[in-house]
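Remarks on the structure that follows.
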Amino acid sequence: MSLRFTREIPATFRSALALGLLFTELLGAQAPARPQAQPLRRQTQAASDQNQLDGNQALFTVLAAINVAGYDDQIDAVSTHPYRHQLRTQFSTKSLDSIYELKRFVRDHKVGDPKADLSRYISYALLINGPPDFDYRDPDMVRPADVSSLEGLSPLLAAFYREANLEEEWQRAQPFYDQMIGVYHEPVARAILGVNGYLRNTTSGYLGRRFQVYVDLLGAPNQVQTRSYQDDTFVVVTPSAEPQIDGIRHAYLHYLLDPLGFKFAEEIQKKHALGDYAQGAGTLPDVYKSDFVLLATESLIKAVESRMDRKPAAVDQAMRGGFVLTAAIAEQLAVYEKQEVAMRLYFPNLFTPIDYKREQKRMAGVEFDLVPVTARVVRPAQTQKAPELTGAAKTLDEADQAYTDRKLDRAKEIFLRVLEETGEKPLHAKAYYGLARIAVLQKDPETGDNLFRKVLELEPDADTKSWSLLYLGRLADSQGDRDQAVEQYKAALAVEGVPDAVRQAAQKGLDAAFGKDAGKQ
């Protein structure tokens with residue numbers, strides 16, 4: 001199937017996409033700007049449109065409202081989108097009655113956890129129409145508890161929308177949304193097509209169902225939030241250092257496989273005795289311990305992901321997390337891959353051969369995680385206070401921030417200053433790395449190539465070295481030099497301490513030439 005979007009990518013944008021994709025390690029404004037960007041389509045479009053990637057005016061209004069009303073979770077994080085700062089600054093000087101009422105509402109409805117607060121407001125936004133009234137799309141729908149807890153918000157949104165002239169602000173925000181959509185367009189299309197290919201799925205789901213991805217600029221970064229309401233599945237992604245494609249793909253797998261789990265629940269329940277093992281998994285959410293069909297479906301999804309990514313270790317990780325059918329299903333998927341029947345018909349065959357005694361022996365060797373895997377992920381500090389940095393290190397931090405804000409001429413000036421302020425080779429490597437990225441963004445790949453090679457002559461840390469090698473590979477691919485590209489991808493993978501993001505991107509580069517299908521739909 002072909003992935004459809006709510007607005008067409010102009011030819012001028014598509015032709016620049018291959019070069020722009022080099023910089024998927026930073027979101028923000030890195031994709032080439034679209035000349036004369038078309039306005040986002042409103043939410044009046046037919047519900048039968050599938051697999052859309054767009055912004056959402058109701059979501060924009062809700063999150064704009066809570067931002068001006070005191071929501072500031074991770075406002076100083078590196079990945080927070082600059083437009084969020086711009087909007088907050090713009091409204092900080094305005095004395096509007098609607099903002100006063102919103103501040104009181106947000107204050108009175110706080111639950112103490114910023115992530116939980118954002119989650120509730122996203123849920124609310126996905127169930128309402130846009131302007132002028134922001135009423136529920138389905139007034140008769142039994143609303144989830146998190147949405148019901150925000151009753152009374154719509155009239156405040158309507159007042160804020162009118163008084164703040166938010167329609168005009170929505171239009172001003174379009175270029176920023178276009179940039180983020182540009183970053184997601186190709187990899188989301190690739191992920192959806194990959195899933196459809198693996199499942200041998202000829203449509204985007206069942207008749208009357210919809211899968212929709214919304215990009216959001218105003219929430220805390222690094223969020224992938226999924227909602228399923230009746231026949232609609234929504235995914236909301238916020239800014240992040242890397243496009244959150246795995247989260248979108250995971251949601252799409254749920255969209256396709258959850259109905260099969262319900263359809264063949266009786267067949268799955270025949271293996272329910274294996275669910276007893278999951279009760280001892282301390283990190284497994286209770287919902288999976290109480291619903292064996294959900295546990296089996298999630299185990300299937302994790303097994304599919306491990307097979308698609310060719311990562312057997314992901315199966316062991318899922319088993320340690322309590323998804324106790326993952327290993328058995330992964331073995332059955334190996335059989336599925338050798339035949340031609342589509343997953344929607346083959347589905348029961350994944351569970352029928354599972355043998356309880358064999359799984360009993362397998363589970364004897366499984367040690368469940370003591371803490372959730374996500375809790376063990378150590379993320380780099382999102383912010384660094386200026387007093388902690390001195391000399392050239394502080395200058396380098398200023399240059400990186402200017403680059404993030406896409407003040408490229410300013411960033412170039414500061415990166416060059418780093419070269420004058422210190423003789424330390426690792427800092428020089430970072431400065432040349434910054435200059436190389438700027439060169440490519442300014443459509444000068446030859447200079448970029450030379451600067452990335454300069455980085456390697458110094459003493460770069462593992463991150464800087466591996467990213468530089470990855471980009472050299474992608475530049476070679478963009479010029480049709482496949483042998484050179486493969487050499488650089490292999491060199492990136494050989495770097496000790498290579499980041500996971502580089503490892504995955506380099507492996508994909510080895511599997512297929514980067515940018516080979518860029519610009520095609």
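One point on numbering: in my numbering, the residue at position 134 of the sequence shown is 134, and numbering is uninterrupted. Where a beta carbon is used, it is the ideal one built from N, C-alpha and C, also for glycine.
Residues bridged to residue i (per DSSP)
i, result
"residue 432", "According to DSSP, which records beta bridges pairwise, residue 432 is partnered with nothing at all."
"residue 226", "235"
"residue 276", "In the DSSP output, where bridge partners are listed per residue, residue 276 has none listed."
"residue 105", "BP columns for residue 105 are empty, so no partner."
"residue 500", "According to DSSP, which records beta bridges pairwise, residue 500 is partnered with nothing at all."
"residue 215", "237"
"residue 128", "136"
"residue 53", "213"
Minimum C-alpha distance to residue i - residue among the options
i, options, result
"residue 431", "442, 412 and 496", "412"
"residue 370", "321, 415 and 227", "321"
"residue 141", "229, 108, 297 and 198", "229"
"residue 454", "408, 442 and 437", "437"
"residue 337", "356, 310, 137 and 317", "310"
"residue 172", "487, 90 and 113", "90"
"residue 297", "282, 256 and 331", "256"
"residue 116", "94, 485 and 149", "149"
"residue 114", "496, 71 and 484", "71"
"residue 477", "461, 512 and 456", "512"
"residue 462", "493, 54, 223 and 196", "493"
"residue 404", "53, 237 and 83", "83"
"residue 170", "107, 86 and 144", "86"
"residue 238", "196, 246 and 219", "219"
Supposed contact pair residue j and residue i - C-beta distance, whole angstroms, cut 8 Å
i, j, result
"residue 286", "residue 59", "Not really, about 29 Å apart at Cβ, beyond 8 Å."
"residue 221", "residue 187", "Between residue 187 and residue 221 the Cβ distance is about 18 Å, and since that is not below 8 Å, they are no contact."
"residue 434", "residue 400", "7 Å"
"residue 417", "residue 395", "6 Å"
"residue 459", "residue 429", "6 Å"
"residue 248", "residue 189", "Rounded, the Cβ-Cβ distance is 11 Å, inconsistent with contact."
"residue 126", "residue 73", "That belief does not hold up - the Cβ atoms of residue 126 and residue 73 are roughly 19 Å apart, past 8 Å."
"residue 79", "residue 273", "Rounded, the Cβ-Cβ distance is 44 Å, inconsistent with contact."
"residue 281", "residue 347", "The Cβ separation is near 25 Å, so there is no contact."
"residue 208", "residue 231", "6 Å"
"residue 353", "residue 339", "About 14 Å separates the two Cβ atoms, so there is no contact after all."
Proximal residues to residue i (C-beta, below 8 Å), its chain only, five neighbours per side dropped
i, result
"residue 393", "427"
"residue 44", "For residue 44, the pLDDT reaches just 29, beneath the cut-off of 50, and the residue's location in the model is therefore unreliable, although a value from the coordinates is still provided. Same-chain partners within the cutoff: there are none."
"residue 105", "69, 152, 153 and 156"
"residue 342", "199, 200, 201 and 202"
"residue 97", "159 and 163"
Sequence-distant residues of its chain with Cβ nearer than 6 Å to residue i (five each side left out)
i, result
"residue 165", "none"
"residue 56", "214"
"residue 489", "473, 506, 509 and 510"
"residue 88", "67"
"residue 251", "226 and 235"
"residue 408", "438"
"residue 265", "293"
"residue 452", "436, 468, 471 and 472"
"residue 422", "392"
"residue 29", "Any reading at residue 29 must be qualified, since the residue scores a pLDDT of 32, below 50, and its modelled position is unreliable; the value itself is stated next. Taken in chain order, the residues that qualify are 179 and 406."
"residue 146", "120 and 123"
"residue 425", "458 and 459"
Below-8 Å beta-carbon distance, residue i vs any chain B residue
i, result
"residue 225", "Annotation note: the requested chain B is absent from the structure, which comprises a single protein chain."
Cβ neighbours of residue i in the same chain (closer than 7 Å, five flanking residues each side left out)
i, result
"residue 329", "299, 300, 303 and 350"
"residue 327", "315, 319 and 362"
"residue 524", "Outside the displayed range of the chain (1 to 521) lies residue 524, so it cannot be described from this structure."
"residue 402", "410, 411 and 414"
"residue 381", "Unreliable positioning characterises residue 381 in this predicted model, as indicated by a pLDDT of 34, which lies under 50. The coordinate reading is nonetheless provided below. Nothing meets the Cβ criterion."
"residue 31", "Note that residue 31 has pLDDT 33, beneath the 50 cutoff, so the model's placement of it is unreliable and the number below is only indicative. If we look at residue 31 and ignore the five residues flanking it on each side, its Cβ neighbours are 20, 179, 182 and 183."
"residue 42", "Confidence at residue 42 is low in this model, with a pLDDT of 34, below 50, so the placement of that residue should be treated as unreliable; the coordinate-derived value is given next. Closer than 7 Å at the Cβ level, and outside the excluded window around residue 42, lie 57 and 130."
"residue 275", "292 and 295"
"residue 110", "117"
"residue 496", "462"
Closer than 8 Å is the cut-off here; do at least three beta carbon pairs connect the stretch 99-111 with the stretch 154-173?
yes
Any 3 or more C-beta pairs closer than 8 Å across the stretch 498-513 and the stretch 460-477:
yes
Do the stretch 257-269 and the stretch 281-297 make contact, defined as three or more Cβ pairs closer than 8 Å?
Touching, yes.
Between the stretch 117-130 and the stretch 59-72, are three or more C-beta pairs nearer than 8 Å?
The stretch 117-130 is in contact with the stretch 59-72.
Quick check: the stretch 132-150 against the stretch 172-192, are at least 3 beta-carbon pairs closer than 8 Å?
Flag = no, the stretch 172-192 and the stretch 132-150 do not touch.
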